[in-house]
Structures are given as C-alpha cells and as structure tokens.
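All remarks here apply to the structure that follows.
Residue numbers (our numbering), protein chains in the order written: chain A, 1 to 277; chain B, 1001 to 1292.
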C-alpha cells in the first residue's frame, strides 16, 4: 500500500499525528473521463482545524462528498479513527464520526429549528417504537434529554430563543449556524464545514471564527473547512491544503501557504495583501 | 334530522377514505411514488378479515390479523418490488406499482375466484344503533368514526413527537441530507410503508363492514377514490389527506342524497379535475416551485 510514504501531515511536529483521526491516502475520483480529484492525501489530528482552499471548481466539495460517501472514490482510501471507510455508506460514515454542512444550505426547511437538531440527535435518542406508542416513561425521559441537549447545542450560537421557528424562515446566516449545530448533534469526531461564512458580513464572520474555535475546544473534535474568506482561513486554521484542478498543490501552515509561489500563482495572486493574518 | 343523518353517513365514509388516503400521501411524501397497489392491499385485508371471521375467530383477533397481514404484505412488496428501484426513474417505480396491483388482483382471482363473497359484518360490529340527540346512529358509524379519529390522532402523535416521525419528515424533505445526519433512510421508508398499510388494514375492516361484499377488484375503485382524496387535500400532506378523505366522503353522500347516486364516481373525478386545474398542489399541498 505504501501508506507510510504518502503520510505527509500539515504540521509534522504536532503530537496529534501519533493517532490521526482521519487520513486520506491517494484519494481520487473520475466522473466519466474527467478526473475531478486525484492523489489527495491528508492527515488530520484529533483536535486540528484544517482549511481546504482553492479556486472554484478545484474539487473541494467533491472531496467532502468523497469523505462522507456521497460519492464512492475511484481510487485510494479514507481512514477514520484508523478504520478503512471503504464499505461504509453515508449514514454509517456519519455514525463513524463524520458530520458535515452544505455549501448550498440543506436544512429541513419545513421543520422547526429544534426538530432539525433533533434529527441530528436521531441516533443518540434511545427508545423503542413500542415505548413511543405506549408513551412509556423511557420515551418521555429520552425525549426530554434530547430536547435539553438540543437547547444546549443551540446555545453555542445563542439560538435557543428561536427553537420554535421554522428553519426555512431564518435569515441566511442563522441557517448556516443551524446547519453546524445539526451536524454537531450527530456527535462527530470530524466536522466538515462547507463554506460556513458564505453570505455573512465581516462582523458575523468574526463571530463565526470565535464559535468555530469554541466548538473545537469544547467538543475536542477536528474541523475541516472549505472557505473562500482568507481572513477566516488564515485566522483559525492550523493547517491549510490548497487544491487546484483536483490536485493538492500545497499544504502547510498559514504562513507557509502565503509564501508558496505555486499558491500565489494559482489562487492568492489575485488577492494580494489580503492574507496577512 | 335527515341532514344530520346524512352528515354522519358522510363522515363515516370520509373516515374510511381518509385512512386510506393517508397511506397514499405518506408514501408519496417520502419516496414520490403513487403506490397504486395500496388499494389492493385493502382487498387482501378484506379477505383476511373475511376468512378469520368465517373460521370463527374473535372480532378483535380478526382485526389484529388483518392489520398485521396488510402491514407484512406492504413490507414484502416494498422490499421485493420497490427497494431495488430506489435510484431508478420515478416512472419505473410507478409502472411497477401498477404491476403489483394487477398481480395482487389476479392472485386473488386465482385463489378466491372472481365472484364476490359476502362479508359477515355483523360478526365484526353487531347490528344496532344508538340515539344521539334524537338521531339514530348505527354502531358501525360510531365505531368507524371513532376508530379512524383515534388512528389519525395516534399517527399525528407519531409523526410530530417521536424521533421516527421526525426522521420520516426529514427523509421526505431531503433524503440525502437525512442520510448524512445518520438517519437510516431505508428503514424509515419501510416503516412509512408499514404505517400506511396498517392504516389501510383498519380501513379495510371498516369498509368491509359498511359494504359487505369482497371481490378481487374491490380495492381498485376504493383505492382510486382515496387517491383522489389525497390529491384533493394535497398529496404528501398528512392533514391534507385527512381533510381530503372527509371532503370526498361528504361529497359522495351529498350527491347520493340529492338523488344523483349514479353520478357519484363522475362527480368525484370531476372534482379532482377541477382541483388540479385551479390548485395543482391540492388544498394543503406544499409549494412545488423549486422542483420545476
């Protein structure tokens, strides 16, 4: 397999790499004759925040889809907590500890804020159908715990006050935040955020950065995010991977990425002066 | 008084339509399939009730057998015929449903003969009536209306307040997102078919008592009427199916009461056409702008 050779961590000196929480080895997918992603290798530590950047169409979301098994990879493998995810489908990948948000928000729009989070807690709420129908104490207890947990999770973004609102009626920024809460509810070890700051104003982005750091600290989970907002990426990511035409052209710390001529040429060159974080 | 009696009559018929329409609507909501085999599940339920009653079973046991039989049948159909087509075009699924419907009708004809058998309804619900404020209401009417109201209340509780219900709604809104949140979509879909069929089983019992003749195509027209009710109320919507069921039931009784009993079916389908022209999503249907 040659896994040793391909294991090039973002920040090699970190202890975290003794037991990576997620590892991609030579991951690749073809759509027909088009190679969308090729030779993608990363290693992510248990509490690391990583950024995935690159021009539009570089294959960032495709990688998220590969990780969460929306697509099955043509080549390579993904290891989650040391286990090969080859035979998992999306729902099992989620139970194995991968949760995500979506670039184009995919909340359950006709359900309330609380119900959306409760769907995330689906596998954490334990009672049988019989108990639900007969309204047994176990049902009440489990539902009560789930509701309390939901409010706790909503508190991260100070959204507990609007738990009864319909998800579809929330402003754009709140919908993005709710997606993060719903993903967190599934109890992930790796949280994948697909453009969490899209459509947010600078103040909101600032707040989001703090919240991502808080989630990282409180839940002790790894976070991988796709983002175009360089201030956010450079500000909170410990490691960054740069993708262009489906290939990882660079990886390293924010400082290294900013100096990398390949990156500047492919991506940052257009936005010079913006990346000093 | 006559009006009240007719109203109760209509509510009774409407209850049955509502129970059956719920199965259509829930299944459509979750897999976007018009399950035309739904009516024939009711036919099978009718035969199960008929045989268990003729073999001298207790009515409650017969009812339980009917509901269980319909549920199991729906799960088997779903697993064998629909699951392999989960990612096939919707038209394939629709044609398969029609095929299953024809298969069930022909199997019933083969095993039970094409001629009708009379249903011993009095063994299920005894003859007789109670006086409600001066109006004589038969036991059958009372039990039908109460049973269906209780079933629908239970369904509403299930869908609104349990995690399976929430999973059902989540899957019907966005199957892929639900899957990515760890919801076992396949079992939620099977569960939806099972609940729809259990309601159809109850509907089969109540229908057979009211129209005590069972024949292999008994479910065809009944299923079609319930389908009209589901579309009328807004297919995919649970309260819509209930409302549609009662509306169609009351309409049928009304048309009969004014002396146009031969026109009942025609009027029902004409209403369907009118609703589809004015409001294609039905009375409580979701806006489908995005899907276009």
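For glycine and all other residues, C-beta sits at the position ideal for the given N, C-alpha and C.
C-beta atoms of residue i and residue j nearer than 8 Å
i: residue 159/A; j: residue 184/A; result: no
i: residue 197/A; j: residue 232/A; result: yes
i: residue 50/A; j: residue 25/A; result: no
i: residue 1188/B; j: residue 1238/B; result: no
i: residue 1207/B; j: residue 1042/B; result: yes
i: residue 1233/B; j: residue 1011/B; result: no
i: residue 1178/B; j: residue 1167/B; result: yes
i: residue 113/A; j: residue 163/A; result: yes
i: residue 1214/B; j: residue 1151/B; result: no
i: residue 53/A; j: residue 242/A; result: yes
i: residue 1061/B; j: residue 1052/B; result: yes
i: residue 93/A; j: residue 101/A; result: no
i: residue 246/A; j: residue 204/A; result: no
i: residue 1074/B; j: residue 1259/B; result: no
i: residue 152/A; j: residue 142/A; result: no
i: residue 1212/B; j: residue 1121/B; result: yes
i: residue 193/A; j: residue 180/A; result: yes
i: residue 190/A; j: residue 22/A; result: yes
i: residue 1097/B; j: residue 1033/B; result: yes
i: residue 80/A; j: residue 96/A; result: yes
i: residue 1216/B; j: residue 1109/B; result: yes
i: residue 282/A; j: residue 27/A; result: Residue 282/A cannot be examined here, being either before or after the span of chain A that is shown, 1 to 277.
i: residue 187/A; j: residue 124/A; result: yes
i: residue 1228/B; j: residue 1269/B; result: yes
Residues bridged to residue i [DSSP beta-bridge criterion]
i: residue 194/A; result: 226/A
i: residue 1003/B; result: Answer is none; residue 1003/B lacks a bridge partner.
i: residue 244/A; result: 247/A
i: residue 176/A; result: BP columns for residue 176/A are empty, so no partner.
i: residue 1031/B; result: BP columns for residue 1031/B are empty, so no partner.
i: residue 117/A; result: None; residue 117/A has no bridge partner.
i: residue 1137/B; result: 1130/B
i: residue 166/A; result: 112/A
Reference residue i, options the options, closest by Cα
i: residue 1115/B; options: 1106/B, 1122/B, 1126/B; result: 1106/B
i: residue 182/A; options: 198/A, 154/A, 199/A; result: 154/A
i: residue 103/A; options: 89/A, 41/A, 141/A, 61/A; result: 61/A
i: residue 223/A; options: 77/A, 256/A, 98/A, 145/A; result: 98/A
i: residue 1081/B; options: 1089/B, 1070/B, 1100/B; result: 1100/B
i: residue 1030/B; options: 1279/B, 1236/B, 1248/B; result: 1236/B
i: residue 1176/B; options: 199/A, 260/A, 32/A, 108/A; result: 108/A
i: residue 1039/B; options: 1230/B, 1127/B, 1079/B; result: 1230/B
i: residue 1226/B; options: 1217/B, 1161/B, 1089/B, 1241/B; result: 1241/B
i: residue 1193/B; options: 1149/B, 1055/B, 1078/B, 1066/B; result: 1078/B
i: residue 106/A; options: 228/A, 89/A, 167/A; result: 167/A
i: residue 1134/B; options: 1277/B, 1269/B, 1002/B; result: 1002/B
i: residue 221/A; options: 29/A, 47/A, 239/A, 148/A; result: 47/A
i: residue 1087/B; options: 1186/B, 1104/B, 1149/B, 1103/B; result: 1186/B
i: residue 149/A; options: 116/A, 171/A, 175/A; result: 116/A
Coil, strand or helix - residue i by DSSP
i: residue 98/A; result: strand
i: residue 278/A; result: Coverage of chain A is limited to positions 1 through 277, which leaves residue 278/A absent and any answer about it impossible.
i: residue 1091/B; result: helix
i: residue 1279/B; result: coil
i: residue 159/A; result: coil
i: residue 1132/B; result: strand
i: residue 1096/B; result: helix
i: residue 1115/B; result: coil
i: residue 220/A; result: coil
i: residue 239/A; result: strand
i: residue 1192/B; result: helix
i: residue 1185/B; result: helix
i: residue 21/A; result: coil
i: residue 1290/B; result: For residue 1290/B, the predicted structure reports a pLDDT of 41, less than 50, and the residue's modelled location is therefore unreliable. A value from the coordinates is still provided. Three-state DSSP puts residue 1290/B in a helix.
i: residue 186/A; result: coil
i: residue 112/A; result: strand
i: residue 1202/B; result: helix
i: residue 16/A; result: Note on residue 16/A: pLDDT 48, under 50, position unreliable in the model; no value is reported.
i: residue 257/A; result: helix
i: residue 145/A; result: helix
i: residue 1024/B; result: helix
i: residue 205/A; result: helix
The ligand MN heavy atom lying under 7 Å from the CB of residue i
i: residue 1108/B; result: Ligands displayed in this structure: none; no statement on the ligand MN is therefore possible.
Closer than 8 Å to chain D by CB, residue i
i: residue 1228/B; result: Any reference to chain D falls outside this structure, whose protein chains are A and B.
Would you list, in sequence order, the uninterrupted alpha helix (DSSP H) runs of no fewer than 4 residues that lie entirely inside the segment 23 to 86 of chain A?
-> 60 to 67
Contiguous alpha helix (DSSP H) assignments of at least 4 residues, all confined to the segment 1205 to 1263 of chain B | 1218 to 1233, 1238 to 1257
If you scan the segment 1143 to 1175 of chain B from start to end, which runs of the beta strand (DSSP E) of 3 or more residues do you find wholly inside it?
-> none
Minimum length 4: unbroken alpha helix (DSSP H) runs contained in the segment 1029 to 1085 of chain B = 1038 to 1054, 1059 to 1077
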